[in-house]
Amino acid sequence: MSEKGLIVTLLIILGIGFFGVMFVVFPWIFSRGFSNWTQTLMDDGLIIVCLIMFVYGFYMNTKMH
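Residue numbers (numbering that gives the first Met the number 0): 0 to 64.
Structure (structure tokens):
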């Protein structure tokens, strides 16, 4: 795969992830009521852990190359 194709593919994947986070995750976190605290903390904690794992994986990938 050429560098240009790799850059375009990476930008498309990052764009999809950006729109997914901005239009799905943040409204889902901030627009609900807090009637069930344990479920809310568990769901939000799972999302935060996934985001931290993604950032760590991206950091390790840039460190390898």
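Glycine included, C-beta positions come from ideal geometry on N, C-alpha and C.
Alpha-carbon spacing of Phe57 relative to Glu2, whole angstroms: Within the sequence shown, numbered from 1, the residue matching residue 57 stands at position 58. Within the sequence shown, numbered from 1, the residue matching residue 2 stands at position 3. Their backbone Cα atoms lie some 18 Å apart in a straight line.
C-alpha distance - Met63 paired with Val54, whole-angstrom precision: Indexing the sequence shown from 1 puts residue 63 at position 64. Indexing the sequence shown from 1 puts residue 54 at position 55. Cα to Cα, Met63 sits roughly 14 Å from Val54.
Backbone CA spacing between Ile6 and Gly16 [nearest angstrom]: If you number the sequence shown from 1, residue 6 lands on position 7. If you number the sequence shown from 1, residue 16 lands on position 17. Approximately 15 Å, taken between the alpha carbons.
- request: Would you tell me roughly how many angstroms separate the C-alpha atoms of Gly14 and Thr39, rounded to the nearest one?
  value: Taking the sequence shown and counting its residues from 1, the one referred to as residue 14 is at position 15. Taking the sequence shown and counting its residues from 1, the one referred to as residue 39 is at position 40. Cα to Cα, the separation comes out at about 27 Å.
query: From Leu45 to Gly4, what does the alpha carbon distance come to, in whole angstroms?
result: As a first step, residue 45 is located in the sequence shown; it is residue number 46 there, counting from the start. As a first step, residue 4 is located in the sequence shown; it is residue number 5 there, counting from the start. The straight-line gap from Cα to Cα measures roughly 33 Å.
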